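Numbering (numbering that gives the first Met the number 0), first residue to last: 0 to 148. Take a look at the structure set out below.
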Amino acid sequence: MKMDGHLYTMPTRNECIPSVKLLVRYSAGHFRGRKNRCYKLAVRSVQRAFVKSTKARREKKRFLRALWITRIEAASLEHGLKYPAFVSNLLKSQVELNRKMIADLAIYEPKTFKSLAALAQRRRQEGFLAALGDGKEPEGIFSRIVHHY
């Protein structure tokens, strides 16, 4: 258990809360009713609050990633690219921006995002042209490759 002045940090799995006074002081501002006065109820409430706060920190990361992906998808659709094509072509173009930065660019710097979308679009066109090769199919072969110009 770490005690930094008046700050109380979360106990590890095998540690218990050290004093009744500290526990009641921690629970006094956070819970209503007997949970903030009675020790037995306060212990349960504080421990559950610590467990829920740990889970909430992990869920926050998941939620924010999903939010960034949604924002990038909406912005890339405005420029004619679906999200998977946009991200994969940026990676192939060696643009190493994470999803948070790309989502921020989509909101606050639309011109910069437009240039990223144009870069991904150009990379996609180059990939289509490379898949075609010289553009001539051998005799007797039918291809499903669609020309995107």
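Beta carbons: idealized from backbone N, C-alpha and C, even for Gly. Model, not experiment: these values are computed from the prediction.
Measure the beta-carbon distance from A74 to A105 and round it to whole angstroms, keeping in mind my assumption that it falls under 8 Å.
4 Å
Beta-carbon separation of K99 and W67 under 8 Å?
yes
Go ahead and pull the three-state DSSP assignment for Q124.
helix
CA nearest to the CA of R70, picked from P109, S18, G126
P109
Mapping DSSP to helix, strand and coil, what is L149?
Only positions 0 to 148 of the chain appear in this structure, which leaves residue 149 out of reach.
Pull up the CB-CB distance for E72 and Y82, whole angstroms please, since I reckon it's below 8 Å.
4 Å
Am I right that Q120 and L80 are in contact with their C-beta atoms under 8 Å? What's the rounded C-beta distance?
6 Å
When burial is assigned at 16 or more other CB atoms within 10 Å of the CB, is M0 buried or exposed?
Because M0 carries a pLDDT of 47, less than 50, the predicted location of this residue cannot be relied on, and the following value inherits that uncertainty. By the neighbour-count rule (16 or more Cβ atoms within 10 Å), M0 is not buried but exposed.
What span of residues does the alpha helix (DSSP H) with S87 cover, start to end?
82-91
Could you tell me the boundaries of the alpha helix (DSSP H) in which R56 lies?
38-77
Residues near K59 in its chain [Cβ-Cβ closer than 6 Å; skip 5 each side]
none
Any heavy atom of the ligand NAP within a distance shorter than 7 Å of the CB on A55?
The ligand NAP is not part of the structure shown, which contains no ligands of any sort.
So V23 packs on A41, CB below 8 Å; how close in whole Å?
6 Å
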